[in-house]
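Participant: One structure, pasted below without further comment.
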């Protein structure tokens, strides 16, 4: 994916709240959730509304635990990294 592809990162904050951070060329947004399930559901809802998107689950130390690229209207299945 290139630099114009929006990135949604899901991570747990130090106080135990889960956040979804959206970074794209035209938008920066943060949403907070009390649990991981709510954060992941929100990230998937946003990813499916965009033509292309990358969703990453990030550990507290900054390492990427899981990353997946989504592209709407693609003939190929989702690609897991």
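Numbering (my numbering), first residue to last: 260 to 340.
Backbone N, C-alpha and C fix where the C-beta goes; we use that ideal spot for every residue, glycine too.
1) If the criterion is Cβ atoms closer than 8 Å, does the pair residue 277 and residue 295 meet it?
2) Please identify the residue among 274, 321 and 307 whose C-alpha is closest to the C-alpha of residue 292.
3) Reducing DSSP to helix, strand and coil, say where residue 263 ends up.
4) Any chance the CB of residue 273 is under 7 Å from a heavy atom of the ligand SAH?
5) What does the Cβ neighbour count give for residue 281, buried or exposed, with the cut at 16 atoms within 10 Å?
6) Check each candidate in 279, 327 and 271 and name the one with the smallest Cα separation from residue 312.
7) Among 320, 322 and 264, which has the Cα closest to the Cα of residue 287?
Facilitator: A quick look at the data gives this:
1) yes
2) 274
3) coil
4) Because no ligand of any kind appears in the structure shown, any question about the ligand SAH cannot be addressed here.
5) buried
6) Here the closest residue by C-alpha is 327.
7) 264
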